Amino acid sequence: MNDRSQRTGALSRRRALRHAVGTLGLGALMATADAREAERAGDAAIGARESLKITRLETFLVKPRWLFLKVHTDAGIVGLGEPIVEGRAKTCAVAVEEIAPYLVGKDPRRVVHHWQAIYRHAFYRGGPILTSALSGIDQALWDIKGKALGVPVYELLGGPTRDRVRVYLHTSTPEGIRDGLRRGFTAFKAGPAGRRASGRIENKAAVDHVAEQFAALREAGGPEADIGVDFHGALSPQTARLYIKALEPYQPLFIEEPVQCQNVDVLADIAQGTHLPIATGERIFTKWGFREILEKRAASILQPDLCHAGGITECRLIAGMAEAYYATIAPHNPLGPISLAAGIQLAAAIPNFLCQEQVSLGDGYLKRPFQVEGGYIPVPTAPGLGIELDEDALADKIDHDWRNRESYNADDGSVVDW
Ligand SMILES: [Mg+2]
Numbered sequence: 363m364n365d366r367s368q369r370t371g372a373l374s375r376r377r378a379l380r381h382a383v384g385t386l387g388l389g390a391l392m393a394t395a396d397a398r399e400a401e402r403a404g405d406a407a408i409g410a411r412e413s414l415k416i417t418r419l420e421t422f423l424v425k426p427r428w429l430f431l432k433v434h435t436d437a438g439i440v441g442l443g444e445p446i447v448e449g450r451a452k453t454c455a456v457a458v459e460e461i462a463p464y465l466v467g468k469d470p471r472r473v474v475h476h477w478q479a480i481y482r483h484a485f486y487r488g489g490p491i492l493t494s495a496l497s498g499i500d501q502a503l504w505d506i507k508g509k510a511l512g513v514p515v516y517e518l519l520g521g522p523t524r525d526r527v528r529v530y531l532h533t534s535t536p537e538g539i540r541d542g543l544r545r546g547f548t549a550f551k552a553g554p555a556g557r558r559a560s561g562r563i564e565n566k567a568a569v570d571h572v573a574e575q576f577a578a579l580r581e582a583g584g585p586e587a588d589i590g591v592d593f594h595g596a597l598s599p600q601t602a603r604l605y606i607k608a609l610e611p612y613q614p615l616f617i618e619e620p621v622q623c624q625n626v627d628v629l630a631d632i633a634q635g636t637h638l639p640i641a642t643g644e645r646i647f648t649k650w651g652f653r654e655i656l657e658k659r660a661a662s663i664l665q666p667d668l669c670h671a672g673g674i675t676e677c678r679l680i681a682g683m684a685e686a687y688y689a690t691i692a693p694h695n696p697l698g699p700i701s702l703a704a705g706i707q708l709a710a711a712i713p714n715f716l717c718q719e720q721v722s723l724g725d726g727y728l729k730r731p732f733q734v735e736g737g738y739i740p741v742p743t744a745p746g747l748g749i750e751l752d753e754d755a756l757a758d759k760i761d762h763d764w765r766n767r768e769s770y771n772a773d774d775g776s777v778v779d780w
């Protein structure tokens with residue numbers, strides 16, 4: 363028996379079993395087993411032309427501050443997504459609930475069509491809540507499509523464009539850099555190591571402190587280490603210029619969000635005043651948001667968040683726009699392993715990928731957490747997003763009451779960014 367007839371035979375057996383138990387109410391269970399079998403066998407869970415319909419959208423809060431989404435189908439295939447903006451998990455859950463009536467009963471494989479319908483029929487377009495809800499749904503629909511066809515998402519996007527995906531490690535101490543190097547990481551991101559929350563034009567002592575802190579990181583990492591700096595948009599433009607000038611001798615990989623991105627002209631002025639690459643994007647949504655960044659040369663490293671900017675569908679288009687400006691993509695991701703999985707699929711489908719942010723490789727959340735080897739995660743081969751939740755491990759992580767930080771100027775109590 364050749365490979366094709368073996369696959370066809372296995373598929374037929376699963377279909378027959380599913381039909382046999384369907385009337386007993388075990389259809390969904392059987393089809394889930396089908397999907398798992400397909401993952402192992404590397405073939406499609408259902409035929410490409412078989413009917414497939416969304417039956418239900420289920421969200422659940424997951425510690426420390428995440429929101430996971432399961433999109434259920436009548437074939438038992440379940441798509442995973444993270445439809446969340448940090449600090450507004452419950453708001454995003456309601457946004458998903460309001461979108462659900464549009465999706466239920468429809469074929470999940472029309473991913474781009476559904477993206478267009480959800481985005482444009484909202485009438486009031488974009489913004490963090492609606493695009494984050496849309497982003498998580500988009501991830502889940504791609505997951506379903508890949509699982510239905512038995513291939514990773516990047517295969518559907520023309521990939522793979524690489525064999526492994528470089529990730530960076532968060533650390534702001536020399537010890538952290540040295541430890542990361544020992545573990546194989548070659549790329550890092552540090553906070554600005556300021557002495558306090560910045561809310562005004564900083565003095566020479568503050569500027570010198572930031573430079574000294576970064577110099578210690580550079581010394582620990584050596585000239586080969588890539589170390590980015592994230593200012594979280596918390597600086598005034600005046601202070602941002604001073605900090606960047608002081609950091610230039612140590613050549614950070616990038617300067618992330620030196621100022622807020624609401625006034626792109628100000629960010630562009632800063633970008634044109636330094637040779638260091640400026641990075642931004644975690645608070646920018648859709649191709650329309652990134653269009654202005656690119657056109658004004660406000661950043662050369664774009665950091666769209668797969669959970670905010672419009673999901674895999676939109677981030678792939680943003681990457682294409684960036685390529686025309688010789689800009690690179692370094693997806694933002696302080697969220698969970700579904701977000702990481704989506705970023706890895708994107709990295710494996712685009713040519714201008716730089717590095718992927720991560721704070722969780724999925725330990726305690728996934729049946730097979732991601733593994734970092736020499737600073738890289740091998741491109742996964744399982745269908746869809748390539749991950750499976752560990753429901754038993756997740757049981758004690760359900761629900762949270764995360765609230766965003768509140769920061770005030772230590773001198774006068776006025777509000778500052780965090
Ligand atoms: Mg950031």
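Residue numbers for the sequence shown follow the working numbering, so the first one is 363 and each next one is one higher.
Where is the CB? At the ideal position from N, CA and C, for every residue including glycine.
None of the values given here were measured: they were computed from a predicted structure.
Cut-off 6 Å between Cβ atoms - residues of its own chain near residue i, not counting five sequence neighbours on either side
i    : result
K415 : D436 and G467
L465 : I416
A395 : Its pLDDT being 49, under 50, A395 is placed unreliably by the model, and the measurement read from it follows with that caveat. For A395, where only same-chain residues beyond five positions count, there are no Cβ hits under 6 Å.
P731 : L723, G724 and D725
I749 : A703 and L728
A406 : L511 and G512
R767 : W780
G583 : I539 and I589
Distance between residue j and residue i (C-alpha atoms, nearest Å)
i    : j    : result
R482 : R545 : 45 Å
A596 : A573 : 17 Å
W780 : H594 : 7 Å
D570 : G553 : 15 Å
N625 : L716 : 25 Å
W504 : A772 : 47 Å
W428 : L638 : 33 Å
D500 : A549 : 29 Å
T533 : G590 : 10 Å
I663 : A633 : 11 Å
P693 : M683 : 15 Å
K432 : L751 : 10 Å
V529 : H476 : 31 Å
S769 : R580 : 29 Å
G643 : E753 : 32 Å
A709 : R418 : 29 Å
P740 : V527 : 6 Å
V628 : L697 : 28 Å
R471 : G441 : 11 Å
L756 : V424 : 8 Å
K452 : R765 : 11 Å
L747 : N565 : 48 Å
A686 : I655 : 13 Å
S776 : R603 : 23 Å
Outcome for residue i when other beta-carbon atoms lying within 10 angstroms are tallied against a minimum of 16
i    : result
W650 : exposed
K551 : buried
Q613 : exposed
F547 : buried
F576 : buried
K509 : buried
T675 : buried
A798 : In this structure the chain extends from 363 to 780, so residue 798 is not present and cannot be described.
T743 : exposed
Proximity test, Cβ basis, 8 Å: residue i and chain B
i    : result
A596 : Absent from the structure: chain B. Only one protein chain is present.
Contacting residues, own chain, Cβ-Cβ under 7 Å from residue i (five flanking each side not counted)
i    : result
R487 : Y481
I712 : T523, R678, A681 and I691
S598 : R562 and I563
I461 : I480, A495 and I499
Q600 : I563
Strand pairing of residue i, partner residues [DSSP]
i    : result
A549 : D588
H475 : In the DSSP output, where bridge partners are listed per residue, H475 has none listed.
P426 : Paired residues: none, contrary to the question.
H637 : Partner(s): none; H637 has no beta bridge.
F715 : I691
H434 : R418 and V440
H852 : In the structure as shown, the chain begins at 363 and stops at 780. Residue 852 is therefore absent and cannot be evaluated.
E735 : Y738
E618 : D592 and A641
Y770 : V777
V527 : I739
I663 : A641 and T690
L728 : L751
Contacts around residue i, its chain only, beta-carbon distance under 8 Å, and the 5 residues preceding and following it disregarded
i    : result
A457 : P445, I491, L492, S494 and A495
L702 : N695, Q718, Q720, S722, L723, G724 and F732
E735 : R526 and G546
F652 : G643, I646, L664, P666, A671, I680, M683 and A684
E610 : T636, H637 and L638
Checklist entry - Going along the chain, which unbroken runs of the alpha helix (DSSP H) with 4 or more residues stay wholly within the region 478–517? => result Runs found: 490–511.
Item to check | Unbroken stretches of the alpha helix (DSSP H), 4 residues or longer, contained in the region 742–766 | outcome: Positions of the alpha helix (DSSP H) runs, each at least 4 residues long and wholly inside the region 742–766, are given as 753–756 in order along the chain.
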